[in-house]
Amino acid sequence: MDWPTTNPIPTTGIPDAITSLSEQASGLVNSTMLTLPATLSNISNPYGDAHFFEESISPSTVRTQLVVTGDPSNASTTLNLLKGMKWLLANMSKGRNVSDFFSAVVKLVGVPNLEVRKMVYIYLARYANHDAECRELALLSINAFQRGLSDREPLCRSLALRVLTVLDVPDVLQLQILGVQTCIKDGSPYVRKCAVGAIGKLYPRCVGAGDLSQAENLVNVLTRVLEEEASTMVLTSAIITFTEICPQRLELLHGCYRKICHLLTDMDEWGQVVVIDTLMRYCRVFFKQPKGQKGGSAEKIDVERRVTRSTRKHVPNRGKGNMKGDTSVENTTNDSLPAMGLDSKPAQPATNGIASSTKKVKRRVVRKAFYSDEEDESSEEELPVNYPVGGNIAQTLRDTSIGAGFRDDAAAVATTNGGPLLGGGFDDDEDGDLSEDHKLLLSSSLPLLKSRNSAVVLAVCSLHYYCGIASVKIRTALGKALVRIHRDRREIQYIVLVSIRTLVLECPSAFTPFLNDFFVKGTDPSFTRMIKLDILVSLCMDPTSIEAALSELRTYVRHSDKAFVGASIRAVGKVSELARIVYDRRASTGDIDSSRARSDANLIALDCLSGLVSLSEFSRNEVVVGECAETMQRILAQLWSNDGNNVSVNDPTKIQERVLKRLFLILSRALMVESVEEEEQSGKHKQLVSRAARVPDSAVASIVWVVGEWSTMNETLTGPWALEKPQKTMIRLEILRLLAKSFNEIDSQTKLQAVHLSSKILLLLKSDPSMSDQRNKEEAICEFILSMGRVDVIQDVRDRSRYESNILQSSIGLAHDTAGLSPCNASNLMTLEKAKTMLLKQKPTASSLSLTAQELGNSDNEDLFRFGTLSSIIGYKSGGSGRPLPKWAEADSPSSLRDQSVLLHESEPSRRDGIAGTSSNLYSSSSSDDESSDDSSSDDSESDSDSSASSDESDSDSDSSDGKPAVISMFGSNGVNNQVSVAPSLQQHAPVPSLLNNGSDESSSDNDSSSESSDDSSDEDAPKGDTNGISNTPAVGTILDMSLAANQPQIPTQYASRNSNVSSIVAAGLEDLVMTPLVVDKNDVSKSTNSNGESSAWKEYVRPELGGGLLVKMRFLRETSRANECKIMGLDPENASTVCLQVHIENKRTDAGTLRHVRIVHRQGSSSGVIVPSRVVAPPEILALKKDKVSTVLLGITFSSPTDKDGVSVAKFDVKSDRGTTPIEIRPTLGEFLDATIKSISESEFDKAFDDMHGIHQRATSTFSLSPMDEANEHIPSIVQQHFNLVSLLL
Amino acid sequence: MIQSLFILSPTGEVLIERHFRSTLTPRTVCDTFWSRASESLHHHGGISTASSSAVIPLYDSVPPVMEVDANDATGQTTSVYLFSILRDGLSYLAACPCTTGHDGPETPPLLVIEFLHRIADTFVIYFGNPADEAAVKDNFSTAYQLLEEMVDYGWPLTTEPNALTDLIRPPTVMAKIHQAISGGYHSSTVLSEALPTGTVSNMPWRKAQVSHPNNEIYIDIIEEIDAIVNPNGYVISSEVSGTIQAQSNLSGVPDLILTFNDVTLIDDCSFHPCVRYSRFEKDKVVSFVPPDGGFELMRYRVSRENSNGGGTAHPRNMPIQVVPRISYGRLMDGSGANHEEVRGSISLSVTARSISSLIYASSRRGPLVIEDVSVVIPFPKFVRTASLNVTAGTIIYDEAGKIAKWVIGKLDEKKRPQLNGTMILEDGSENDVDDRMSSMIEDGEQPPLLVTWKILLASVSGLNVSGLSVTGEHYKPYKGVRNITRSGTFQIRCH
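This is the structure:
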């Protein structure tokens, strides 16, 4: 490129100051610009607002300033107001109560100046609920807000709404709710967003006021927004509100689940965090745990390389030759990758469960990964049909993954020598058993790892860790992202590091390449230093990292922060312990000889020791030396214990000797200080001793233990400190003497160790035949210490001393201090050997390594250790109110639960105003491919081509079973849709047709038409002709079929079994949609026989002449039909206040035109004395209804409360089409709420039943005499019965 | 979510107090916080790396998240979680309840902290850099208004600078000068008399109806080297991360596509929300509709493995070398043997090295010049004062913070600035000189030095822009790209 590489950023003139400021903020460092802010601040200082913080203005001045005199838009008035308000704000900042200005401020809500008004709002929000007077005065401002709600500017509307709803004044709650309900239908998404947010504010107040039905109402409003909103701005807010008011009612998200997944990347970054968290819980509740989550390839590798105590057992396990899986990482990756290339077969992907042998599982897993692309190809052809947008995402991801090529990566890994696996496509691992919706969530959230917002990145990591599959690729990506965001501001770094610390224990492989990033820097605050240290230790997984970590630790132990130094010293101990494990593991894989490995590890340990001993010589700090002593003790213990491996410690430079000398010196010093008399020691001795630092008690105890171990060691000459025996005895004696002398002063821990030391030495002396003059002395001191212990004030010491004394007494017999001991009894004598095994036997070394969450009982503690949560940051369960992550569901929930939203989402852009619509297209998360599918629904011709294309596809797919093409084409067009709820709307006035008016005509004609239509679709041989019609007007066909189908939900299984020649995936995917035409005929038979009993008569609601050619008539479904339909629509048929209507929509236009966008929209609104619906399931929109076409759909209504009065339950709807809107009103008669279980009863039965009912005193008796009626009126009683859901008496 | 927000001055005074929900968090939480924070106010809990001229020591005795008991008006004790960040000397505190809603999931901690930083970032955009105590005090009413727009009921509402400047006009220099000229605040209300024209667009990051007379876009590729260097100049660890800053002055709604010369240099990256993630996944191009004005387009980590054409992501040869020599020793005070004193001496030499791992732009001419060089020298606690002399640049010693900052400015190969000085140590009375000396050396580990520097037209990785195309608009914008390499956390250990 030949652009100029220097860019002279334009000389900053005054008008450009804003840009210059922002430029600077964003880091475009330009030295010339640095001068400007400096001058700026010079200018601004005397004239800024800072002086409002001073006391220079008296409150009375402010009072006068706040009074509006004359024209409020006058400049000087405004200025005064500004000054006054600023003063108030400044005083609020200073913590002063300025509520006594409330009356003055509340009058200013209508001030024209926006700046003043905003400050007034801030003031009001703070003090509106301050006291009774303020609350009363606050009511004065409501009017202004309500005016604001109808402002022309969306920003003003939203501001007014936000402030109105923030006022916590109980009196205005109803007004606030009203405001929200208005604004939620606003044209501007920004206003809608604020309205949705306001629901969250009002809900707790409704609950607080005890108005639960109102609160429930708000939840319903929210649910509707979730289901039908298309603007990401509003959706984001809706999810946030969801977590505010009803976070546990995850089932409300079914309808919008897929939509949210698709739009996830378009949401604002803050919302993404909340949405991901919510969907994570959703995912756990409604999907089953993927096999790959706990058995993924990454998990396998990590389990192996994770250093736990149990890994140590690998050494004895070494014999099992086929356990090649127990390899170190380098090995695993290197030899498993070629393997999967060679002998892998695409077969049995389904069996890749958790097999018994580790190795086997892994192989199969990887092999599956390699072939899964191919396998998915076959099923993927269904995907676009299934989930138009989702399929494309999957396609995109897959494309990239194919490009990358797993094999290539594998090769790369092999060459990069044990680096992390960078393998594979997106779903390279065991995700075959995931449900499509689960996959959708994972795949649509993955790109957000690249978000600039660290909270989003962490949320995505959390989602994939706890709900995803443990594939190597994913884990690597997570690790990278976390390491990337950890290089941020220090507070962010802290949170991320804490998360990494948790994660690194579970999956170290994700972080191994980044060891260097966790080195402690000079700028690190203390709270991150410690965490980095932990991470460094956890990453010591191979010799190179151990080396690197140790050299870092060598620097850290000289830090000025002593707590950090202490932690670093402990870390040295851990690393040296890890070294042994790591090398042992290498040995167990056959890389190196096991004794070589052990001696290598020992070398590292000695190296650590040498560093520590220097430090303890050099340092005077009590804590540091204490830590050194304890850590040296641990390392010595590790060196001296040879757990099953007889490799003697090769210590040419006598480091152990140096360590022991140092430790004994420290011990003498500690003990001497305890006993005052030692102060009179000779000068030289004293000086020597005083050079050693004092140490904490626990360190002293550790050293005493070391003395015990050392002095009872067998190797007198080749041991850690080669000494002639007399010398060794001398040292022993001196230490014993000091201990005995200071026994009363020393700490209880040390006492315990001293007692133990004494008994060990006694035993040793007993088994040592050689006699010396010191021996008697030594025995005496030991027994003295034991007897002191037996009468110690501390119970623990007493018990321990008695216990050990008794063992000694019964085995070797004590000679000197036997007070309180029963004499040695020959009958229960213990052998010397037994006593030795009890007191002297080699002990397994203690481990200082941290436990992983799994070892601590993962399931119970999962939430505490779940990274990124508040609890995990502060280290304990916060508050107690946070819900843990829900358990996985036993099985996937049916995907049909989430089917509702797809059509709606697609049809949304056409319905919404442009602003909302375009946003989803412009920055859609999926690739550009899916834009066509976004558009398709709004465009008839395109949807045609779409559906025909998909039917082509399915044609080629399926082996020409006759019924299928039709079926699939319907499905392809938009068949995923069952029913959709539509926004509430409010309208009154329905033309209520007179009862008897051509009712019989209608019902009979309906019977005809419905049987006709069902005949069509039931006829399996006929679909050829029918298919065309349907694919031309997809929506009509679908809805028609569906409504009829709905009566018999148990059909699908039959269908699936009958068409077993269809591949099972298709069958599974289509299960609840495919049966549509089949149901028709079956249902139709039953319907035509009993439709009279099962429904009311048709009632015409929209007449063609008034509704622009649209005919809409409805009838109430009853009994089993009603129950079935209710179930389908998700309404509760048990609820007596639920009614279900069958809606017949017909185009009766005379000019043969098509009606478009026919829909029934609920209008909400309450008026006194009526019962309004609490839930409405409205039929989906019919995109186009051609001339003489008929559609039958369903409408479900649940009224908010049951009633015993006739005609008080009212539901108001708008029937809309492109030709206009007709308001209708559905007023179910009381009879519709009754469940007529008895078909017909005799008069006597009726009387009997009636008598059973107490409290009914009215009885209307009427007698019909039918005979005089003419033919036409013969049906009247039955019509009346039908309309009012009455039962005839058999007279 | 966020229940209350407080902003504290460097002395613990509350500058801004805002409650977003009906619960009023009592101010006592600030006192609790401050009493803990002030424990280590003058210790090196880290050093602010902000480009401000003053060096501000940071406290580190409070973790960013802590639980605090709050007594409300009725005397009930509830515990709130206090999230805190420290920016430009100001402490931003957010008090949050444990869960987001009733019975809901826990408050996501990183969300709160990230949001606090975003608020601070916005303050920088509005009030200039640094947005410190003076700046916030001077503009506190704007700050309140900003909070009003940015937070709704404790949740982030509008955070994109482009959208915010539409809603609240920044206090412009024009207005300030106007004030200054007309004397006092008599005409301070030139501000927002009219309503901002922009409605909230469907791309929240971009203003509606942008129009510029000259359409131009500048892109800076800034790579930062984080390194730990030992006193001998050996690089212990180094890490290169880059940011791409853009300054877009383009009219209308331009759709840009940025391509790189070698995308494999990027190991991992993050994008501004305006970038289409999927395009990058698929085609490795950055496709976006930019916000108006300056913004950070992306951040990336330079991958380790790739070292195309000599550039290595892990520079072993840094362009600048700092050699510290610090020693403590006995010093006869002249007045006699009884008055022995322990003193320290320090010397630093800074040199530029032309042979380094950097890749320079082809258009670069002349010798290597390192700009904006400065060295921050934190002293151990026991140093009472230091007298420091430098051969070039200026040095400021902050006695309270025990930090010296040596500003060198431009550095080339010929110049070899030197620092020499002595340190007078705290008087210890308990022990003799020997003891004191050893304990001081023991306690007084010399903290690492921090070096900042910048080299124009140089790059560590060699990443460069190979093309930037504009679609959606008809004009042909002026485009400029440059590379900058600078120090990230570049520290020199002293032992």
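As you go down the protein sequences, you meet chains C and E in turn.
Heads up: the first sequence is residues 1 to 1291, going by UniProt numbering.
Heads up: the second sequence is residues 1 to 495, going by UniProt numbering.
Ideal placement from N, C-alpha and C gives every residue a C-beta, glycine not left out.
Query, Result
"Length of the line joining the Cα atoms of Leu578 (chain C) and Asp561 (chain C)", "25 Å"
"Start and end residues, alpha helix (DSSP H) containing Gly708 (chain C)", "Asp697 to Ser711"
"Whole-angstrom distance between Ser188 (chain C) and Leu155 (chain C), CA atom to CA atom", "9 Å"
"Spatial neighbours of Thr223 (chain C) in its chain, beta-carbon cut-off 6 Å, leaving aside the 5 residues before and after", "Leu252"
"Where Ala128 (chain C) sits in the DSSP three-state scheme", "coil"
"Short CB-CB distance (under 8 Å) between Val1208 (chain C) and chain E", "no"
"Residue burial classification, His1144 (chain C) (beta-carbon count within 10 angstroms, cutoff 16)", "buried"
"Range of the contiguous alpha helix (DSSP H) that encloses Pro154 (chain C)", "Pro154 to Val166"
"Short-range partners of chain E found in the segment 268–289 of chain C, where Cβ spacing is below 8 Å", "Asp268, Glu269, Trp270, Val273, Val274, Asp277, Thr278 and Arg281"
"Min CB distance Val14 (chain E) to chain C below 8 Å", "yes"
"Distance, Ser487 (chain E) Cα to Glu224 (chain E) Cα", "5 Å"
"Per-residue contacts from Leu458 (chain C) into chain E (C-beta, under 7 Å)", "Leu110"
"Buried/exposed call for Ala563 (chain C), threshold 16 Cβ in 10 Å", "exposed"
"Chain-ordered chain E contacts of Thr555 (chain C) [CB-CB under 7 Å]", "Arg493"
"Positions along the segment 371–389 of chain E whose CB lies within less than 9 Å of some CB in chain C", "Glu371, Asp372, Pro378, Pro380 and Lys381"
"Other residues of its chain near Ala477 (chain C): CB distance less than 8 Å, five sequence neighbours each side excluded", "Leu446 and Leu449"
"Meets three-Cβ-pair contact criterion under 8 Å: the segment 155–166 of chain E and the segment 283–297 of chain E", "yes"
"Helix, strand or coil at Thr28 (chain E) [DSSP, three-state]", "helix"
"Minimum Cβ-Cβ distance from Tyr257 (chain C) to chain E less than 8 Å", "no"
"Proximity below 8 Å, CB of Thr1150 (chain C) to CB of Thr1198 (chain C)", "no"
"Whole-angstrom distance between His212 (chain E) and Pro477 (chain E), CA atom to CA atom", "11 Å"
"In DSSP terms, what Gln1142 (chain C) is bridged to", "C:Arg1115 and C:Leu1194"
"Residue closest to Lys480 (chain C), alpha-carbon to alpha-carbon, out of C:Leu503, C:Ser1217 and C:Cys467", "C:Leu503"
"Any chain C beta carbon closer than 8 Å to Leu265 (chain E)", "no"
"Test: Ala392 (chain E) CB closer than 8 Å to a CB of chain C", "no"
"Opening and closing residue of the beta strand (DSSP E) in which Arg87 (chain E) lies", "Thr77 to Arg87"
"Outcome for Ser238 (chain E) when other beta-carbon atoms lying within 10 angstroms are tallied against a minimum of 16", "buried"
"Interface residues of the segment 136–151 of chain E facing chain C [CB-CB below 7 Å]", "Lys137, Asp138, Asn139, Phe140, Ser141, Tyr144, Gln145 and Glu148"
"Proximal residues of chain E, C-beta to C-beta of Gly868 (chain C) below 8 Å", "Pro108, Pro109 and Leu110"
"Proximal chain C residues relative to His117 (chain E), where beta-carbon distance stays under 8 Å", "Arg489, Glu491 and Ile492"
"Leu5 (chain E) versus Val1161 (chain C): straight-line alpha-carbon distance, rounded", "43 Å"
"Whole-number beta carbon distance between Ala601 (chain C) and Asp593 (chain C), since they are thought to touch under 8 Å", "Incorrect: roughly 13 Å between the Cβ atoms, too far for contact."
"Sub-8 Å separation of Ile276 (chain C) and Val225 (chain C) beta-carbons", "no"
"Local conformation of Ile168 (chain E) per DSSP, three classes", "coil"
"Opening and closing residue of the beta strand (DSSP E) in which Ala227 (chain E) lies", "Glu216 to Val229"
"Stretch-stretch touch, CB-based, cutoff 8 Å, three pairs: the segment 112–123 of chain E with the segment 146–159 of chain E", "yes"
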